[in-house]
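In full-length UniProt numbering, the protein residues as written are 1 to 282. First the structure, in the form of structure tokens, and then the observations on it.
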Amino acid sequence: MPPSRLSSRRQASSSGATTGTRSSVADACPQAALRRESGRPASGWLSWLLVGWVLFLTMMLVGRAAGLDFKLADTLYHLQGDAWSLHHAFLTEQVLHGGGRMLSQSMGVAAILALIASWLRPAWRDWRRPLGYLVLAVAASTLGVSILKQLISMDCPWDLSRYGGARAYIGLLATRPADYPDTACFPAGHASAGYAWIALYFFCNAIRPRWRWAGLCLALALGLAFGIAQQLRGAHFLSHDLWTLMLCATLSLLLARWLLPSSVSLAASPSSSISLEEDSHA
Numbered sequence: 001m002p003p004s005r006l007s008s009r010r011q012a013s014s015s016g017a018t019t020g021t022r023s024s025v026a027d028a029c030p031q032a033a034l035r036r037e038s039g040r041p042a043s044g045w046l047s048w049l050l051v052g053w054v055l056f057l058t059m060m061l062v063g064r065a066a067g068l069d070f071k072l073a074d075t076l077y078h079l080q081g082d083a084w085s086l087h088h089a090f091l092t093e094q095v096l097h098g099g100g101r102m103l104s105q106s107m108g109v110a111a112i113l114a115l116i117a118s119w120l121r122p123a124w125r126d127w128r129r130p131l132g133y134l135v136l137a138v139a140a141s142t143l144g145v146s147i148l149k150q151l152i153s154m155d156c157p158w159d160l161s162r163y164g165g166a167r168a169y170i171g172l173l174a175t176r177p178a179d180y181p182d183t184a185c186f187p188a189g190h191a192s193a194g195y196a197w198i199a200l201y202f203f204c205n206a207i208r209p210r211w212r213w214a215g216l217c218l219a220l221a222l223g224l225a226f227g228i229a230q231q232l233r234g235a236h237f238l239s240h241d242l243w244t245l246m247l248c249a250t251l252s253l254l255l256a257r258w259l260l261p262s263s264v265s266l267a268a269s270p271s272s273s274i275s276l277e278e279d280s281h282a
């Protein structure tokens with residue numbers, strides 16, 4: 001055989017072996033393959049989180065300087081005839097406030113029942129950790145916002161003399177007068193009943209990556225609807241809702257990084273999805 005052909009065959013064989021080795025390494029370590037595909041290291045989530053907080057705080061400072069909270073609240077107040085006419089309206093109070101709270105609680109109960117079922121049914125064993133994360137993240141988000149509401153005294157718009165109330169506005173970092181009662185209007189508690197479900201993004205990314213955006217959109221839609229309802233009632237300023245959104249997103253991300261590290265990535269790996277059908281046939 002001519003030397004040139006022999007050399008070509010050796011090169012082809014070497015190339016095939018190298019490709020096979022790379023494939024086996026990628027199969028054995030999907031996170032390494034994911035890092036190569038996304039072009040970013042797994043630790044990039046922390047950089048994104050820090051950048052997100054810097055941008056958020058900058059936005060809050062700019063919004064405060066521009067008086068966006070008051071401009072929006074003034075508009076809503078004037079549109080209702082210089083009164084919070086929607087305070088006790090059926091849609092805002094009964095449906096979006098009371099009904100929204102019951103909806104979020106029902107979703108939480110369903111998640112807990114699914115978690116219990118994952119321990120009773122072997123076919124659901126691979127869902128235990130994602131479901132445990134979902135329950136913990138939602139509980140941590142709502143509880144965290146609730147604790148902050150008790151620690152930080154800020155008035156609701158309907159408490160302020162500007163909107164028919166009895167007190168002057170006291171900023172977040174300002175000293176509150178001793179004769180002012182303690183209030184619990186910051187951050188927005190009801191909006192957390194929706195934004196807490198941002199954890200659905202990471203939950204879905206762990207079990208069915210193609211569902212993750214639907215889960216995120218559901219959480220954002222619920223939080224937005226609940227937040228707008230409370231703003232229409234005079235219960236919160238816009239910034240109250242935005243703080244709740246950022247806190248819930250941060251807690252969901254941190255807990256996902258701890259409990260579901262493979263779901264915290266900029267690109268989802270289809271091989272990471274969990275199939276109940278496959279488990280049931282195992």
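Just so it is clear, CB atoms sit at the ideal spot from N, CA and C, and this is done for glycine as well.
Would you kindly report the start and end of the unbroken alpha helix (DSSP H) that includes A117? G100 to L120
Under the three-state DSSP convention, the category L172 falls into: coil
Along the alpha helix (DSSP H) that carries I152, what are the first and last residues, could you check? Here I152 belongs to no alpha helix (DSSP H), and DSSP marks it neither H nor E.
Report, in whole angstroms, the separation of the C-beta atoms of L84 and G189, which I expect to be a contact under 8 Å. A quick correction: the sequence has Trp, not Leu, at residue 84. Not a contact, Cβ separation roughly 18 Å.
Does the distance from the C-beta atom of A73 to that of F186 stay below 7 Å? no
Compute the Euclidean distance between the alpha carbons of F70 and Q105, then round it to the nearest angstrom. So the two alpha carbons sit approximately 32 Å from each other.
Cβ pair S252, A137 closer than 7 Å: yes
Can you say whether L134 is buried or exposed, counting buried as having 16 or more other CB atoms within 10 angstroms of its CB? buried
Taking 6 Å as the limit between beta carbons, can you name the residues of its chain near V264, skipping five residues before and five after? W45, A256 and R257
As assigned by DSSP and simplified to three states, the class of L160: L160 falls in the strand class under three-state DSSP.
With contact counted as at least three CB pairs below 8 Å, one residue from each stretch, are the stretch 170-187 and the stretch 144-162 in contact? yes
What whole-angstrom Cβ distance do A168 and I198 have, given they're in contact under 8 Å? Incorrect: roughly 35 Å between the Cβ atoms, too far for contact.
Could you give the first and the last residue of the continuous alpha helix (DSSP H) run that contains Q230? R212 to R233
Opposing strand residues paired with R128 [DSSP bridges]: The partner list for R128 (beta bridge, DSSP) is empty, contrary to what the question assumes.
If contacts are defined as beta-carbon pairs under 8 Å, then S141 and Y201 qualify, I think. What distance do you get, rounded to the angstrom? So it is not a contact: roughly 13 Å between Cβ atoms.
If you drop the 5 nearest sequence neighbours on each side, which residues of the same chain put their C-beta closer than 8 Å to that of G132? Here the set comprises L115 and L259.
Answer with buried or exposed for C204, where buried requires no fewer than 16 other C-beta atoms within 10 angstroms of its C-beta. buried
May I ask you to report which of helix, strand or coil DSSP gives R208? In the three-state DSSP reduction, R208 falls in the coil class, being neither helix nor strand.
Please identify the residue among D179, G144, W211 and G165 whose C-alpha is closest to the C-alpha of A191. G144
Taking only the alpha-carbon atoms, compute the straight-line gap between E93 and R125 and give it to the nearest angstrom. 40 Å
Count the other C-beta atoms from every protein chain shown that fall within 10 angstroms of the C-beta of S24, then say buried if there are 16 or more, exposed otherwise. Only weak support exists for where S24 lies, its pLDDT of 41 falling under 50; the coordinates are left without a value.
Based on Cα-Cα distance, which residue from G164, A229, L242 and L247 lies nearest to G100? Ranking G164, A229, L242 and L247 by CA distance to the CA of G100 puts A229 first.
Would you mind sorting W53 into buried or exposed? The rule is 16 or more other CB atoms within 10 Å of its CB. exposed
Going by the DSSP bridge assignment, what does R64 pair with across the sheet? Paired residues: none, contrary to the question.
Would you mind sorting A166 into buried or exposed? The rule is 16 or more other CB atoms within 10 Å of its CB. exposed
Under a Cβ-count criterion, where at least 16 other Cβ atoms within 10 Å of its own Cβ denotes burial, should I147 be classed as buried or exposed? Label assigned to I147: exposed.
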